[in-house]
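Sequential numbering from 283 applies to the sequence shown in the working numbering.
Let me begin by presenting the structure, written as structure tokens, before commenting on it.
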Amino acid sequence: MSRIAYDPVKDRFASIIRNSRMLRRIFYALLDLFFLRSWHIRKILKMIGSGLDSKGEWKLLDAGSGFGQYDRFILSKFKNVNITSVDVKEDYLRDSEHYFSQDIKNNRIEFRQADLLTFDSEERFDVVICIDVLEHIEQDVRVMKNLVKVLNPGGYFLMHSPSHYSEEDAGDEESFVDEHARPGYSKGEISDKLTEAGLNPEKVHYTYGFWGHKAWVLSVKWPMLWFNKFGMIAALILLVYYPVTLPFVLLMNFADLITANPKGNGIYALARK
Numbered sequence: 283m284s285r286i287a288y289d290p291v292k293d294r295f296a297s298i299i300r301n302s303r304m305l306r307r308i309f310y311a312l313l314d315l316f317f318l319r320s321w322h323i324r325k326i327l328k329m330i331g332s333g334l335d336s337k338g339e340w341k342l343l344d345a346g347s348g349f350g351q352y353d354r355f356i357l358s359k360f361k362n363v364n365i366t367s368v369d370v371k372e373d374y375l376r377d378s379e380h381y382f383s384q385d386i387k388n389n390r391i392e393f394r395q396a397d398l399l400t401f402d403s404e405e406r407f408d409v410v411i412c413i414d415v416l417e418h419i420e421q422d423v424r425v426m427k428n429l430v431k432v433l434n435p436g437g438y439f440l441m442h443s444p445s446h447y448s449e450e451d452a453g454d455e456e457s458f459v460d461e462h463a464r465p466g467y468s469k470g471e472i473s474d475k476l477t478e479a480g481l482n483p484e485k486v487h488y489t490y491g492f493w494g495h496k497a498w499v500l501s502v503k504w505p506m507l508w509f510n511k512f513g514m515i516a517a518l519i520l521l522v523y524y525p526v527t528l529p530f531v532l533l534m535n536f537a538d539l540i541t542a543n544p545k546g547n548g549i550y551a552l553a554r555k
């Protein structure tokens with residue numbers, strides 16, 4: 283089984299969309315469409331954000347914001363939110379500052395470079411999201427504790443990560459994804475670590491179950507392997523490939539969204555302080 287190196291592919295896409303707002307909008311739409319975790323995370327954010335937004339101004343910390351796709355969704359969905367978006371990659375942050383320049387002027391969002399292992403802030407937040415970040419960090423509980431410190435009492439912590447079932451994709455190799463510090467979490471492990479960090483887990487749910495995993499193989503795994511092998515030439519292949527597979531991928535993603543998966547290659551946890 284070939285291993286995926288996500289970072290080089292992500293960096294290639296970042297260089298392509300860097301100077302074009304239109305390409306970045308298209309890129310965000312594609313991330314929301316193809317990545318099942320985005321379906322689950324947006325569903326939860328709608329649930330917890332609607333109540334907070336109805337009460338007035340609230341603050342959200344995006345810990346490890348990457349391309350900023352969740353920031354875009356949150357700003358478009360909730361009028362009273364104020365976002366602090368942090369990441370370790372300075373070039374990604376500068377790209378986001380360019381794209382969100384008007385929102386920055388309106389004091390709706392700010393971007394900071396930060397290492398989550400040493401993160402601290404005088405601000406306090408009502409929601410902290412940490413999406414597909416903790417699997418990259420060996421000292422994950424230390425990061426959770428840092429994030430809990432800046433969370434208001436009763437505040438929400440939402441994370442997503444690969445689960446321990448993702449090891450099944452590794453075959454005989456140590457890890458399917460090069461940049462991960464661990465294969466993923468089980469429900470018990472992530473619940474214990476959240477509790478150790480000072481949180482009360484409210485819901486822990488497997489994503490990328492039977493149907494979601496099949497959708498991921500078709501829409502993400504194979505295309506990413508092609509990009510690793512063929513570079514941007516793979517984009518030409520996908521112009522033919524995606525129109526054929528997309529309807530099936532969307533149906534399988536929806537099936538995963540409404541299914542209580544007994545197992546899955548991804549996992550999310552919603553907890554409160």
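Cβ atoms here follow ideal geometry from the backbone N, Cα and C, with glycine treated the same way.
query	result
For Leu343, which of Gly491, Ala542, Ile413, Glu417 has the nearest alpha-carbon?	Ile413
Can you tell me whether DSSP reads Phe317 as helix, strand or coil?	coil
Using the three-state DSSP reduction, which class does Pro465 fall into: helix, strand or coil?	coil
State the beta-bridge partners of Val363 as determined by DSSP.	Trp340
Between the Cα of Asn482 and the Cα atoms of Phe316, Ala516, Ile386, Met426, which residue gives the shortest distance?	Met426
Any contact of the segment 462-474 with the segment 517-525, i.e. 3+ C-beta pairs under 8 Å?	no
Answer yes or no: do Val486 and Phe439 have a C-beta to C-beta separation smaller than 8 Å?	no
Check each candidate in Lys325, Trp504, Pro544, Glu484 and name the one with the smallest Cα separation from Ala551.	Glu484
Alpha carbon to alpha carbon, what distance is there between Lys511 and Ser448?	22 Å
Does Ile549 come out as helix, strand or coil in the three-state DSSP assignment?	strand
So Ala396 and Val415 are in contact, right, with Cβ under 8 Å, and what is the actual spacing, rounded?	Not really, about 12 Å apart at Cβ, beyond 8 Å.
What does the Cβ neighbour count give for Ser336, buried or exposed, with the cut at 16 atoms within 10 Å?	exposed
How big is the Cα-Cα spacing for Arg406 and Asn362?	16 Å
Can you confirm whether the segment 374-386 touches the segment 344-361 when touching is taken to mean that 3 or more C-beta pairs between the two stretches lie within less than 8 Å?	yes
Measure the C-alpha to C-alpha separation of Ala537 and Gly513 and round it to an integer number of angstroms.	32 Å
Give me the residue from Leu539, Met441, Phe530, Gly491 with the minimum Cα distance to Gly546.	Gly491
Kindly list the residues whose CB is nearer than 7 Å to the CB of Asn535, restricted to its own chain and excluding five residues on each side of it in sequence; keep chain order.	Leu318, Trp321, Gly494, Ala497
Determine whether the beta carbon atoms of Val432 and Ser403 lie at a separation below 8 Å.	yes
CB Val228 to CB Lys475, shorter than 8 Å?	Residue 228 is absent from the model: the chain starts at 283 and stops at 555.
So, is Ser378 buried or exposed, given that buried needs 16 or more other C-beta atoms within 10 angstroms?	buried
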